[in-house]
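Since the structure comes first, as structure tokens, the remarks are kept for the end.
There are 2 protein chains.
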Amino acid sequence: MPDFSKSESAFMQRAVQLARNGQFSAHPNPMVGCVLVNNDAIVGEGWHEIAGEPHAEVNALQEAGKKADGATAYVTLEPCAHHGKTPPCTEALIAAGIKDVVFARQDPNPKVDGKGRQALENAGISVRSGLMQAEVDELLAGFLSRVKRGRPRVCLKIACSLDGSIAMADGQSQWITGEDARADVQRLRANSGAVMTGIGTVLADDPSLTVRDGTLNPHNRQPLRVILDSGLRMPLAAKLLALPGETLIFCRDDRKAQALTDAGAEILKLANAAAFVDLSAVLKELGRRQINDLLVEAGPTVAGQLLEHGLVDEFVIYQAPHIMGSETMRMFETPNWTNLADRQTLQITDVTQMGNDTRITARPAD
Amino acid sequence: MPDFSKSESAFMQRAVQLARNGQFSAHPNPMVGCVLVNNDAIVGEGWHEIAGEPHAEVNALQEAGKKADGATAYVTLEPCAHHGKTPPCTEALIAAGIKDVVFARQDPNPKVDGKGRQALENAGISVRSGLMQAEVDELLAGFLSRVKRGRPRVCLKIACSLDGSIAMADGQSQWITGEDARADVQRLRANSGAVMTGIGTVLADDPSLTVRDGTLNPHNRQPLRVILDSGLRMPLAAKLLALPGETLIFCRDDRKAQALTDAGAEILKLANAAAFVDLSAVLKELGRRQINDLLVEAGPTVAGQLLEHGLVDEFVIYQAPHIMGSETMRMFETPNWTNLADRQTLQITDVTQMGNDTRITARPAD
Numbered sequence: 001m002p003d004f005s006k007s008e009s010a011f012m013q014r015a016v017q018l019a020r021n022g023q024f025s026a027h028p029n030p031m032v033g034c035v036l037v038n039n040d041a042i043v044g045e046g047w048h049e050i051a052g053e054p055h056a057e058v059n060a061l062q063e064a065g066k067k068a069d070g071a072t073a074y075v076t077l078e079p080c081a082h083h084g085k086t087p088p089c090t091e092a093l094i095a096a097g098i099k100d101v102v103f104a105r106q107d108p109n110p111k112v113d114g115k116g117r118q119a120l121e122n123a124g125i126s127v128r129s130g131l132m133q134a135e136v137d138e139l140l141a142g143f144l145s146r147v148k149r150g151r152p153r154v155c156l157k158i159a160c161s162l163d164g165s166i167a168m169a170d171g172q173s174q175w176i177t178g179e180d181a182r183a184d185v186q187r188l189r190a191n192s193g194a195v196m197t198g199i200g201t202v203l204a205d206d207p208s209l210t211v212r213d214g215t216l217n218p219h220n221r222q223p224l225r226v227i228l229d230s231g232l233r234m235p236l237a238a239k240l241l242a243l244p245g246e247t248l249i250f251c252r253d254d255r256k257a258q259a260l261t262d263a264g265a266e267i268l269k270l271a272n273a274a275a276f277v278d279l280s281a282v283l284k285e286l287g288r289r290q291i292n293d294l295l296v297e298a299g300p301t302v303a304g305q306l307l308e309h310g311l312v313d314e315f316v317i318y319q320a321p322h323i324m325g326s327e328t329m330r331m332f333e334t335p336n337w338t339n340l341a342d343r344q345t346l347q348i349t350d351v352t353q354m355g356n357d358t359r360i361t362a363r364p365a366d
Numbered sequence: 367m368p369d370f371s372k373s374e375s376a377f378m379q380r381a382v383q384l385a386r387n388g389q390f391s392a393h394p395n396p397m398v399g400c401v402l403v404n405n406d407a408i409v410g411e412g413w414h415e416i417a418g419e420p421h422a423e424v425n426a427l428q429e430a431g432k433k434a435d436g437a438t439a440y441v442t443l444e445p446c447a448h449h450g451k452t453p454p455c456t457e458a459l460i461a462a463g464i465k466d467v468v469f470a471r472q473d474p475n476p477k478v479d480g481k482g483r484q485a486l487e488n489a490g491i492s493v494r495s496g497l498m499q500a501e502v503d504e505l506l507a508g509f510l511s512r513v514k515r516g517r518p519r520v521c522l523k524i525a526c527s528l529d530g531s532i533a534m535a536d537g538q539s540q541w542i543t544g545e546d547a548r549a550d551v552q553r554l555r556a557n558s559g560a561v562m563t564g565i566g567t568v569l570a571d572d573p574s575l576t577v578r579d580g581t582l583n584p585h586n587r588q589p590l591r592v593i594l595d596s597g598l599r600m601p602l603a604a605k606l607l608a609l610p611g612e613t614l615i616f617c618r619d620d621r622k623a624q625a626l627t628d629a630g631a632e633i634l635k636l637a638n639a640a641a642f643v644d645l646s647a648v649l650k651e652l653g654r655r656q657i658n659d660l661l662v663e664a665g666p667t668v669a670g671q672l673l674e675h676g677l678v679d680e681f682v683i684y685q686a687p688h689i690m691g692s693e694t695m696r697m698f699e700t701p702n703w704t705n706l707a708d709r710q711t712l713q714i715t716d717v718t719q720m721g722n723d724t725r726i727t728a729r730p731a732d
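Protein sequences appear in the order of chains Z and G.
Position one of the first sequence corresponds to residue 1 (my numbering), numbered consecutively onward.
Position one of the second sequence corresponds to residue 367 (my numbering), numbered consecutively onward.
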């Protein structure tokens, strides 16, 4: 990795900060930020807000105008060199007279993947990369998962008591966690291209799965609602069928599909031998549909299946200061884990107090 | 409450700090600290180390010698005025020429309870009280519980996974929490007059329940081991029967008592109609035996019984960063809690990282 000065780190830090502006709107595109610096002064800043509209570089060039001539561009992701919904950023950077480009991370998208760097270098621009790549990898975890693994990054959210209960055995579960935790879940939804649950949760709680907080949803787009519903038990009166946004139902038996299609849902049959919908196939399909980040808000069956199959990338656990006891539903149903060695070790990455509740963010340790 | 100056608060703070020196040895007596101040200078310090030996005041007077004449005494607890194992502290304070006494808390022990203050005032000493009483009440919680409620303060310790499991369903549970958490449990035991568990834990884990860390046990005294064992299923080969210290077994059917008595245990039969040993009666008996602090290290049955009966004063939960799933033993068996409203709300008083584990200290919120 080339050497970078402290001021270069500060410029890239600013570019990362700008990129974050797109967190609720840029997907399926990656969040990208760009800072143009001429004679040690920032002359232009830009970020990518929404797919189909100008990229970060173009927005920054527009702000800089003629001051872009001879400037250095700090971009969080390798500039694109292909014609997508918008023209290549490399062409715009070259045309504006940019002299140096520093980017944090090479774009693994096969349409770019080094071609951006090549186009810039062919035009005589000096290109360096790797500055703050770890931060950008964190920021783009969902995008990188989709591009590299062909499936979204899976974030599993669970609200539970201190003794690991999510509801009473009969399903009573209202208000286990408080207002602050519930507001935080709105943020998780807004960050995600899709929100998934199982039919059990639909039947028990009739959830909306929407982003209701307008400040988290400036373009009024709802995450795709994904329901795992083997036998299509989804009631036509389910609240989520009537709400803005799209609903995609994965089933194994589609005999009841017509009424649900008429109610506005899309039904996809996944044929497989197991008793449950094949979760790997679901994730692959969601990747194909350009979902970067999938938030799962599900009961113990779906959560347990994801856990047993090692498909959870991040756990977000809202722990309420209650003991609910034994006559309850647990966080995970894991019928195949009968040995202590089967357990999943976690690496806790953050612990934050949210009102009376504690939010624990963790990822698999291995 | 009288007004106290900042320096008086500092002196009492020091007395509280001194009192803490007795945390592993003073029980069944309360921890007490004393600071003697003459002309704004500390001239003597003392604390109560072990029952039957001199009290804090006497130790401080001994250090001060003639400088006690005209001094002010800052004591965490009202000085005693009765002949117990040692002579009354009030007499010693009067004889030494102490002019003022400030104590944090009146001693609720009926043998004292205002009589100490009276004796001092009768001798012309000015007495003020209430400075830092909340801190001292916290420090003496176990002692106060025994004197006021006739039963020890109950601290329930549980080691569990993030999803509330304490062992696999078949009992596998080794090393759920790490070294730091286990060392901390030694401290909890050393703080306690007795450590209690159920026969299920004895049969599954063959625990020692002893303080093995010598720095926590300067006088080489072990907490009383208390076992709840309705039908006296305790094996004669159980490790704890052979270890230093005493073992007290509560049962409901004492037909097998003789062999266990021969093995060195004391057997106490509590006749009651319920299926389990009557926990209130157990706590009353332990109070009668001058146990201030009872540490419970038990499985889900005993923990659940204590919880359902509202008998837990403090929860110390060591949470390991693991998910163990559903085929496990839970923290609490609470067969009678079938409604969400039955749950116990907690007030979390401390969260501390212990190696990879998190220690959560909490008390009932209501």
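C-beta: ideal position from N, C-alpha, C; glycine also.
Residue burial classification, residue i (beta-carbon count within 10 angstroms, cutoff 16)
i                : result
Lys523 (chain G) : buried
Lys514 (chain G) : exposed
Leu139 (chain Z) : buried
Asn638 (chain G) : exposed
Gly559 (chain G) : buried
Asp572 (chain G) : exposed
Leu236 (chain Z) : exposed
Ser371 (chain G) : exposed
Pro110 (chain Z) : exposed
Trp175 (chain Z) : exposed
For residue i, three-class secondary structure by DSSP
i                : result
Thr667 (chain G) : helix
Lys372 (chain G) : helix
Gln319 (chain Z) : strand
Arg289 (chain Z) : coil
Asp280 (chain Z) : The question names Asp, but residue 280 (chain Z) is Ser in the sequence shown. Here Ser280 (chain Z) sits in helix by DSSP.
Arg359 (chain Z) : strand
Gly388 (chain G) : helix
Gly178 (chain Z) : coil
Glu612 (chain G) : coil
Arg14 (chain Z)  : helix
Asn557 (chain G) : coil
Leu660 (chain G) : strand
Val312 (chain Z) : coil
Ala167 (chain Z) : strand
Gly516 (chain G) : coil
Ser173 (chain Z) : coil
Ala159 (chain Z) : strand
Leu402 (chain G) : strand
Ala430 (chain G) : helix
Glu423 (chain G) : helix
Gly142 (chain Z) : helix
Cβ pair residue i, residue j closer than 8 Å
i                : j                : result
Val415 (chain G) : Ala392 (chain G) : For clarity, residue 415 (chain G) is Glu in the given sequence; the question names Val instead. Yes; because the gap between Cβ atoms is below 8 Å, this pair is in contact.
Gly164 (chain Z) : Asp529 (chain G) : yes
Gln305 (chain Z) : Leu279 (chain Z) : yes
Asn586 (chain G) : Pro394 (chain G) : no
Val441 (chain G) : Val467 (chain G) : yes
Arg233 (chain Z) : Leu248 (chain Z) : no
Ala462 (chain G) : Pro454 (chain G) : no
Glu63 (chain Z)  : Val112 (chain Z) : no
Ala712 (chain G) : Ala686 (chain G) : Before going on, a small fix: residue 712 (chain G) reads as Leu here, not Ala. Going by C-beta atoms, Leu712 (chain G) is not nearer than 8 Å to Ala686 (chain G).
Glu297 (chain Z) : Leu209 (chain Z) : yes
Check: residue i C-beta below 7 Å from any heavy atom of the ligand HEM
i                : result
Arg146 (chain Z) : Questions concerning the ligand HEM fall outside what the structure shown contains, since it holds no ligand whatsoever.
Whole alpha helix (DSSP H) elements within the stretch 433–491 of chain G, 4-residue minimum: 455–461 and 481–488
In chain order, each beta strand (DSSP E) run of at least 3 residues that lies wholly inside the stretch 692–723 of chain G: 694–696 and 710–720
Residues from the stretch 320–338 of chain Z in contact with chain G, defined by Cβ distance under 9 Å: Taking 9 Å as the Cβ-Cβ cut-off against chain G, the residues of the stretch 320–338 of chain Z that qualify are Ala320, Pro321, His322, Ile323, Met324, Gly325, Ser326, Glu327, Thr328, Arg330, Met331, Phe332, Glu333, Thr334, Pro335, Asn336, Trp337 and Thr338.
Residues, ordered as in the chain, of the stretch 168–188 of chain Z that lie near chain G by beta-carbon distance below 9 Å: Met168, Ala169, Asp170, Gln172, Ser173, Gln174, Trp175 and Ile176
Continuous alpha helix (DSSP H) assignments of at least 4 residues falling wholly in the stretch 565–637 of chain G: 565–571 and 623–628
Near-chain Z residues of the stretch 418–434 of chain G (beta-carbon distance less than 9 Å), N- to C-terminal order: Of all residues in the stretch 418–434 of chain G, none comes within less than 9 Å of chain Z when Cβ atoms are compared.
Members of the stretch 562–578 of chain G near chain Z, C-beta cut-off 7 Å: Against chain Z - using a Cβ distance shorter than 7 Å - the stretch 562–578 of chain G contributes no residues.
Interfacial residues, the stretch 653–674 of chain G to chain Z, with Cβ spacing under 9 Å: Pro666, Gly670, Leu673 and Glu674
Near-chain Z residues of the stretch 377–396 of chain G (beta-carbon distance less than 9 Å), N- to C-terminal order: none
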